[in-house]
Structure formats: structure tokens, C-alpha cells
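Going by my numbering, the sequence shown opens with residue 169, and the numbers climb by one from there. Virtual Cβ for every residue (Gly too), placed ideally from N, Cα, C. Because the structure is a prediction, the values reported are computed rather than measured. Structure, as C-alpha cells:
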Amino acid sequence: MRLLKQIAIAFSLYSRIPMPIFEWEDKDYKKAIAFLPLVGVVIGGICTAVYWLGQGHLPGVVLGLILALIPIAITGGFHLDGFMDVSDALSSYQNREKSLEIMKDPHIGAFAVIGLLKYGLCFLAALLSLTMKGSSENVLPGIMAYAIGFVIVRAFCGLTSIYLSKAKKDGMLSNETKEADLFVKIILCFFLILGAGSSLIMWPIGTVLALVAVLCYTWHYGRLCKKRFGGVTGDTAGYYICMAECVYLVAIAVSSYIADAYSFCIF
Numbered sequence: 169m170r171l172l173k174q175i176a177i178a179f180s181l182y183s184r185i186p187m188p189i190f191e192w193e194d195k196d197y198k199k200a201i202a203f204l205p206l207v208g209v210v211i212g213g214i215c216t217a218v219y220w221l222g223q224g225h226l227p228g229v230v231l232g233l234i235l236a237l238i239p240i241a242i243t244g245g246f247h248l249d250g251f252m253d254v255s256d257a258l259s260s261y262q263n264r265e266k267s268l269e270i271m272k273d274p275h276i277g278a279f280a281v282i283g284l285l286k287y288g289l290c291f292l293a294a295l296l297s298l299t300m301k302g303s304s305e306n307v308l309p310g311i312m313a314y315a316i317g318f319v320i321v322r323a324f325c326g327l328t329s330i331y332l333s334k335a336k337k338d339g340m341l342s343n344e345t346k347e348a349d350l351f352v353k354i355i356l357c358f359f360l361i362l363g364a365g366s367s368l369i370m371w372p373i374g375t376v377l378a379l380v381a382v383l384c385y386t387w388h389y390g391r392l393c394k395k396r397f398g399g400v401t402g403d404t405a406g407y408y409i410c411m412a413e414c415v416y417l418v419a420i421a422v423s424s425y426i427a428d429a430y431s432f433c434i435f
């Protein structure tokens, strides 16, 4: 029962999926981040099902747009909010304290809008490059690997949120992770290994390239947050999820074209 409560809290925090209403206990709330990747399982599962049902019936552009909107619909744009806040702060080139203040500002800045447009165009371009390939035998494994990426990225996000230093000791992310025990870390590692292993079986070349790309970005993210903000926050965690998903998708799209160019497929 306690495990189900922790999962329900995770979905209440990180998605718009309706959950039963009950009193949250502190010890359950602080373990909820362990199940952040489960939100990715739902997103990835729906994306795979939509592509499976829509291929051959919907134009590639329409299918790509639907796949791009699914994560936003399920999360309610929760992570995009953090992405826009961090984009504003990074583009301001202010000191650490001022940057943290900018991220708390509820108003939308011009740089946040510009950052969102650039991100959206990059994400959509990579996704459409897969959905508009028509009958290529490398499209389906690429889409499935992309779907699993939602799980992998969220597992990485949970681990980085635990292990990287926090910019604010009293922030939401600090409260969620400051008492993360071995159970939380094992669950996150389980999702990471399961996701990576499943993706490797379905799409080896794309998964290897995507994992390397995300690992490189994770290293950059840690250094960036430490330098600009003094550590990670809830907003930077949302920024990480958005950017890592885009990096993962671009790597999958590139690997799909590499596979076509050299005429090989896993099937």
C-alpha cells in the first residue's frame, strides 16, 4: 500500500494524470522521485501505440505533431515551465543570486519565449525526420527507442537531482531528495538499466549514440548549474528533462539515417 501511495504521489507531482486523493505523508513524498521514470513509461507507451496505430493512416507531419504533443499533454507542460525559467536566467548573464531570482519570477521573459521556440523547432525537426521517412525499416525501432528515452531521461534526472549539489537548501527539489535513501537510488538505477537494456535490444546503434549524447549533456548540465546557479533546482531539473529528451531524440534520428545510409537494420 505504501508503494502505491508513493507512485500516486509521483504521478500527482510530475503529470496531469488524475490520482486518488489522500493525505500525503512526508516519508512517502520524499520517495516519490524514485517513480519519476514511471511517468516516462506512460508517455513512451502512448507514443508507441499512437505511432503503431497511425502509421500508414496519417500523414507523417500529422503523426509527428501528435507525438510531440503527447508529452506536453501528459505532464501539463510542467517541465517546460522550468525550461523557460532557466532559459531566461541563463540569457540574462547575471550573477548567481540574480539568476535565482529571475527563475522565481512568474512573468515570461523574451528569452524564455525565444528559447522555447528554438527548442520546439529542434525537437519537432528531429521527430518529423523519423515520422516522414515513410516505409523505411528503421523508423519503427527508432520510434520505440525514442519512446523508451522518456524513461531513461527521467531516471537520469532523478539521479542527478540526488547526487548534484543543490542551489537552495529549502527548495522543492531539496525537500524531495535530501532524504533519498538506498531504495530510491536502486529504483532509479533499475529503471535506467531496464530502459537502456530494452532500447539496446530493439535499436542498438541508436541507443548507444543516444546514451553517449545524454551522458555528455549530463556532464555539461552539472557544470553549468554549478557555475551559474551554485547547484541544481526544481527548475533546472525541468530544464534537464527537456534538453536531455531533445538530445536523445536528435541522436536517435541521426542514427536512423546512418542505418539507412549503410543499409542495415536490426530486423
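Note down the Cα distance separating Leu379 from Leu332, rounded to an integer number of angstroms. To locate residue 379, count along the sequence shown from 1; it is residue 211. To locate residue 332, count along the sequence shown from 1; it is residue 164. Cα to Cα, Leu379 sits roughly 19 Å from Leu332.
For Ser180 and Ser342, I'd like the C-alpha separation in whole angstroms. What you label residue 180 is simply residue 12 of the sequence shown in a count that begins at 1. What you label residue 342 is simply residue 174 of the sequence shown in a count that begins at 1. Taking the straight line from one Cα to the other gives about 18 Å.
Contact set for Leu284: own chain, Cβ-Cβ below 8 Å, skip 5 residues either direction: For this step, residue 284 is matched to residue 116 along the sequence shown. Only Leu248, Phe251, Met252 and Ser255 meet the Cβ criterion.
Please classify Val382: is it buried, with 16 or more other beta-carbons within 10 angstroms of its beta-carbon, or exposed? Along the sequence shown, read from residue 1 onward, the residue named residue 382 stands at position 214. Burial call: buried.
Taking the Cβ atom as the reference point for each residue, do Gly374 and Ala313 lie within a distance shorter than 8 Å? Along the sequence shown, one-based indexing puts residue 374 at 206. Along the sequence shown, one-based indexing puts residue 313 at 145. Against a cut-off of 8 Å, the Cβ pair of Ala313 and Gly374 comes out as a contact.
For Lys272, does the three-state DSSP call read helix, strand or coil? As a first step, residue 272 is located in the sequence shown; it is residue number 104 there, counting from the start. If DSSP states are grouped into helix, strand and coil, Lys272 belongs with the helices.
For Gly390, which residues in the same chain have their Cβ closer than 6 Å to its Cβ, ignoring the five residues on either side in sequence? On the sequence shown, residue 390 is found 222 positions in, with the first residue counted as 1. Contacts found: Leu332.
Where DSSP assigns a beta bridge to Val400, which residues make up the other side? For this step, residue 400 is matched to residue 232 along the sequence shown. BP columns for Val400 point to Lys334.
Would you tell me roughly how many angstroms separate the C-alpha atoms of Gly326 and Ala200, rounded to the nearest one? Stepping through the sequence shown from its first residue, residue 326 is reached at position 158. Stepping through the sequence shown from its first residue, residue 200 is reached at position 32. Whole-angstrom Cα-Cα distance: 10 Å.
Under DSSP, the alpha helix (DSSP H) around Gln262 begins and ends at which residues? Taking the sequence shown and counting its residues from 1, one reaches residue 262 at position 94. Segment: none, Gln262 is in no alpha helix (DSSP H) and carries neither H nor E.
Pair within 8 Å by beta-carbon distance, Ile238 and Val218: In the sequence shown, residue 238 corresponds to position 70, counting from 1. In the sequence shown, residue 218 corresponds to position 50, counting from 1. In this structure, Val218 lies closer than 8 Å to Ile238 by Cβ.
As an exercise, report each continuous alpha helix (DSSP H) stretch of at least 4 residues that is fully enclosed by the segment 197 to 257, in chain order. 204 to 222 and 228 to 243
Classify Glu193 as helix, strand or coil using the three-state DSSP reduction. The count along the sequence shown starts at 1 and reaches residue 193 at position 25. If DSSP states are grouped into helix, strand and coil, Glu193 belongs with coil.
Local Cβ density within 10 Å of Ile322, reported as buried at 16 or more and exposed below that: Against the sequence shown, residue 322 aligns to sequence position 154. Here residue 322 is Arg; the residue named in the question, Ile, does not match the sequence. By the neighbour-count rule (16 or more Cβ atoms within 10 Å), Arg322 is buried.
Length of the line joining the Cα atoms of Gly399 and Pro227: Position 231 of the sequence shown, counted from the start, is the residue given in the question as residue 399. Position 59 of the sequence shown, counted from the start, is the residue given in the question as residue 227. Spanning the two alpha carbons is a distance of roughly 44 Å.
Residue interval of the alpha helix (DSSP H) (run including Arg170): Within the sequence shown, numbered from 1, the residue matching residue 170 stands at position 2. That run of the alpha helix (DSSP H) goes Arg170 to Tyr182.
Within the continuous alpha helix (DSSP H) that includes Gly365, where are the two ends? Taking the first residue of the sequence shown as position 1, residue 365 is located at position 197. Per DSSP, Gly365 belongs to the alpha helix (DSSP H) from Leu350 to Met370.
So Ile282 is in the alpha helix (DSSP H); what residue range does that whole segment cover? Taking the sequence shown and counting its residues from 1, one reaches residue 282 at position 114. Here the alpha helix (DSSP H) through Ile282 covers Ala278 to Thr299.
For Cys433, which of helix, strand or coil comes out of DSSP? The count along the sequence shown starts at 1 and reaches residue 433 at position 265. Confidence is the limiting factor: at Cys433 the pLDDT is only 49, short of 50, which leaves the residue's position unreliable and the question unanswerable from this model.
Would you identify the three-state DSSP class for Pro186, choosing helix, strand or coil? Position 18 of the sequence shown holds residue 186. Of the three classes helix, strand and coil, the one that applies to Pro186 here is coil, per DSSP.
Exposure label - Cys384; buried when at least 16 CB within 10 Å: The count along the sequence shown starts at 1 and reaches residue 384 at position 216. Looking at its Cβ environment, which holds fewer than 16 other Cβ atoms inside 10 Å, Cys384 is exposed.
Near Phe435, what residues of its chain come up, given a Cβ to Cβ distance below 6 Å and the 5 sequence neighbours on each side ignored? As a working mapping, residue 435 is identified with position 267 in the sequence shown. Because the pLDDT of Phe435 is 41, which lies under 50, any placement of that residue in the model is unreliable, and the number read from its coordinates should be weighed accordingly. Excluding residues within five positions, none has a Cβ falling inside 6 Å.
Can you tell me whether Ala202 is buried or exposed, with buried defined as 16 or more other CB within 10 angstroms of its CB? For the purposes of this step, residue 202 is identified with residue 34 of the sequence shown, where counting begins at 1. Label assigned to Ala202: buried.
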